[in-house]
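Below: the structure, in structure tokens.
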Amino acid sequence: MIAYNKTLLINMALLKKAKQWFSRDLITTTQMANVLEKYPTVYFKPNIFIKIGLFLFTLFLVGAALGLFSLFSFSILVNNNSIEGYSIFVSILFGGACIFFLEKFIQWRNWYSNGIDDALLYSALSFIFAAIAFSISNQLNDEDGFLLLCFIFLPFLIAGSVRYIDRVVTLLMMACIYCIYFLLIMKSGSIAKFIMPFAFMALSALFYFVINKQMALASRIHFSGCLKVIKAIALVVFYVSGNYFVIRESSVEFFSLDLSEGQDIPLALIFYAFTAFVPLLYLFFGLKSKDKLMVWVALLLIAVSVLTFKYYFSLGHPEITLTLAGIAMIVLAYVAIKYLVTDKHGITFKDDPNEDNFLKTNAEALVIAQSFSAPAQSSDAGVQMGGGEFGGGGSGNKF
Amino acid sequence: MRFSDQLVNDGILDQDQAQRIQDADRLKPMSVHWELKTILYLGILLFISGIGILVYMNIDTIGHTAIIAAISLASAACFYYGFKHRKPYTHSEVTYDSPLFDYVVLLGCLLFGVLIGYLQFQYTVFGMHYGIATLFPAILYLSMAYMFDHKGILSLGITGFAAWAGISATPMHLLENNDFSSLGVIWTAIGVGALLAGFSKYTELKDVKRHFGFTYNNFASNILFVALLAGLFSDGYMKFVYFILISGLVFYYIRYAIAEKSFLFLLLSIIYGYIALTYVFFSLLIDIGNEISFMLGLFYIIASCAAIVLFFIYYKRILGIKK
């Protein structure tokens, strides 16, 4: 089912664990050496920046190949009314070629997540998407056409996320599923607006519990990244489907609800409570079950909830709100740090020793520069030299 | 099957130890280190933005003296804390046990920046010498950065220094806020970048705060590459000079990346170098300007992208680096 070499994947996961144990002095140096010898992970794993470079230039390569092929074949294969067929043909050809090379590279070179395979996978899926869109292009102008597109594309997304255990494809797959779900419910007519929030909550809850079960199975270890993505999306969508702002604005947008001054949506109080308490519940359970992912989702959603309430109950003084919110966060973080200097309830402030810190500390410095730096003073030194064209003309169409 | 059991089967671990590892994994506390630091950092960001607007809005009212007094006091308190807990300066990296230290010092510096801006605006303490009003905080930031060993404040100092020279060095605004069609801006940027890179190289040789190298060179490389590319793109007889300079810079930063194992610079050099090469190649093609030149261009992109992909895969072998 998985394209990548399974032994390699298992060895990688095991080695990661072993390194954690080693850094916490749970196993000895000799044992670590034995593990390294017994579970080799010889494959091409570039540094993150090199991975980005490989990803970018593979995409350029695919794009240029497409351009060159079209240049040669267009005039030969196309007469007046076959442009659509030609587009479908080229899309399928290139999608197939990308998949072919992807599979072959994985087989020959034992590649895993080095940027090239990601680029080939995303290109392949884009070509498949284009092929589908071209073939049903005359139906695409209404909701049914879009539903059809999602339906045909979904199997490819599922296959892509399972076979290449890719998190981005998993994310797209989830988006596709929720789109289909939304459009199907919309088909139910006037009842749709009453059941929509609850239907979305139900589906997300279902995803959440199924995924939690799956994650506990040892045989799902290869998919843990993808499962985490699904879990995070389920948590977010569950919250969003009961968020006051979303309910109110989508009622106006999709169900032509007419709200005059002073009126409120039905069940407003329940949705207010939902908006306020669900993120806090997430935070509580995340901390309780030591679930980092849930904690992050909770922190994000708390910010969203604050913004939601600000939107409807603004005091009209954003600068005071900003200052007070800043003070509140500083105090909160300060108190929590002081409190957690020694471990409490299985939570600690101590940094995980086995995480790579270089990127974090340097990234922090850059973020500081980005958010606080002074604007450049207007220079008086400029004798304007004419004729310079920068950006658009220079670099725009070179790729 | 759990990994620890698997290792027992292999005879690498014994049963007891596997049990201990499983217990340790179960009981291991969850670290919320970066979560709390993020909240703290965002808090400072919101607070400073709020204070900035607050000062700006109350600048003509009676309340401004109170606000200024409060900001001065807060800034002074932060610096007092900083100097009290400061460790003596050394040329090597100094780390502080207290996680709050970095943030308190940063807050102090930022508040000081707000204060200077206000004083200049309201009382024009630096008179018409606007340059000094930007240079003074920048110098203060730079010295504080060395004193407290703080990369964030160092970045503030560098952007402040560049702002004094007339360049917006902030990563996201590098292209947006600078008018690179002006030759003056281009050569100012080149000067600033060269100074930063040179200073970093000098301190590296003298073994002074080597871990600041990344911050210096990150600003320097981006400023230099963008300015040189801007020079290359503008019409003129200097094109050739700019191209040579870019090639030299690519060479310098590839070597730097390998020496420091800082592969961001490898990526940056390749991308900027590729843009320059592609520009020159296409300028030549346009000069030729017949039918096959477009096809040649496509062939060039395919061949060059493939070459770069191969370079990234085999860069260790190509550059002769051992693992």
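Going down the list, the sequences are from chains A and B. With the first letter of the first sequence counted as 1, position 119 gets the number 159 in my numbering; the numbers rise by one all the way through. With the first letter of the second sequence counted as 1, position 249 gets the number 400 in my numbering; the numbers rise by one all the way through. Glycine included, C-beta positions come from ideal geometry on N, C-alpha and C.
Item, Value
"Backbone CA spacing between T361 of chain A and F353 of chain A [nearest angstrom]", "12 Å"
"Minimum Cβ-Cβ distance from G356 of chain A to chain B less than 8 Å", "no"
"Residues of the segment 405-417 of chain B whose Cβ lies closer than 7 Å to any Cβ of chain A, in chain order", "F414, L415 and L417"
"Contacts that V335 of chain A makes with chain B (C-beta to C-beta distance below 9 Å)", "M181, V183 and E186"
"Proximity of P250 of chain B and K179 of chain B at Cβ, strictly below 8 Å", "no"
"For M528 of chain B, the three-state DSSP class (helix, strand or coil)", "Because chain B spans 152 through 474 in this model, residue 528 of chain B falls outside it and cannot be assessed."
"Near-chain A residues of the segment 200-233 of chain B - C-beta to any C-beta below 7 Å", "S200, G201, I202, I204, L205 and M208"
"Close beta carbons around T388 of chain A, own chain, < 7 Å, minus the five adjacent residues each side", "L380"
"Own chain residues within Cβ distance below 8 Å of E236 of chain B, not counting five before or after", "Going by the sequence as given, residue 236 of chain B is His instead of Glu. Closer than 8 Å at the Cβ level, and outside the excluded window around H236 of chain B, lie Y247, S249 and F252."
"Cutoff 6 Å; reference I271 of chain A; Cβ partners in own chain excluding five residues on either side", "The identity of residue 271 of chain A in the sequence shown is Lys, whereas the question assumes Ile. Counting only Cβ-Cβ distances below 6 Å, and skipping sequence neighbours, we find I251."
"Exposed unless 16 or more other CB atoms sit within 10 angstroms - verdict on Q273 of chain B", "exposed"
"I176 of chain A versus N51 of chain A - alpha carbon distance", "45 Å"
"Interfacial residues, the segment 60-86 of chain A to chain B, with Cβ spacing under 8 Å", "W61, R64, L66, I67, Q71, N74, V75, K78, F84 and P86"
"Any C-beta of chain A under 8 Å from that of P250 of chain B", "yes"
"Any chain B beta carbon closer than 8 Å to T47 of chain A", "no"
"Any C-beta of chain B under 8 Å from that of K332 of chain A", "yes"
"Closest Cα partner of L268 of chain B within the set B:Y232, B:F445, B:S223 and B:I190", "The sequence shown places Gly at residue 268 of chain B, rather than the Leu named in the question. Residue B:S223 is the option with its Cα nearest to G268 of chain B."
"Residue closest to V498 of chain A, alpha-carbon to alpha-carbon, out of A:I305, A:V280, A:I205 and A:A53", "Chain A is shown only over 41 to 439; residue 498 of chain A falls outside these bounds and no answer can be derived."
"Environment of E395 of chain A [buried if 16+ CB atoms lie within 10 Å]", "Confidence at E395 of chain A is low in this model, with a pLDDT of 48, below 50, so its placement is unreliable and the value that follows should be read with caution. Under this definition E395 of chain A is an exposed residue."
"As assigned by DSSP and simplified to three states, the class of T388 of chain A", "strand"
"Rounded C-alpha distance that separates W185 of chain B from L372 of chain A", "14 Å"
"As assigned by DSSP and simplified to three states, the class of K423 of chain B", "The question names Lys, but residue 423 of chain B is Tyr in the sequence shown. In the structure shown, Y423 of chain B sits in a helix (DSSP, three-state: H, G or I)."
"CB contact check: L372 of chain A to chain B, cutoff 8 Å", "yes"
"Beta-carbon proximity of I172 of chain A to F193 of chain A, cut-off 8 Å", "yes"
"Buried/exposed call for K360 of chain B, threshold 16 Cβ in 10 Å", "buried"
"Interfacial residues, the segment 255-278 of chain A to chain B, with Cβ spacing under 8 Å", "A258"
"S345 of chain A, enclosing alpha helix (DSSP H) - first and last residue", "K332 to Y352"
"V269 of chain A - containing alpha helix (DSSP H), residue span", "S264 to V280"
"DSSP three-state assignment for L223 of chain A, whether helix, strand or coil", "helix"
"Listed by chain order, chain A residues near G194 of chain B by CB distance under 7 Å", "G366, M369, I370 and A373"
"Alpha-carbon spacing of N397 of chain A relative to D391 of chain A, whole angstroms", "Only weak support exists for where N397 of chain A lies, its pLDDT of 47 falling under 50; the coordinates are left without a value."
"Amino acids of chain B, ordered along the chain, whose beta-carbon sits closer than 7 Å to that of K57 of chain A", "F154"
"At least three beta-carbon pairs within less than 8 Å, the segment 201-213 of chain A to the segment 235-250 of chain A", "no"
"Test: V159 of chain B CB closer than 8 Å to a CB of chain A", "no"
"S182 of chain B versus V375 of chain A: straight-line alpha-carbon distance, rounded", "16 Å"
"Three-way DSSP call (helix, strand, coil) for T366 of chain B in this model", "helix"
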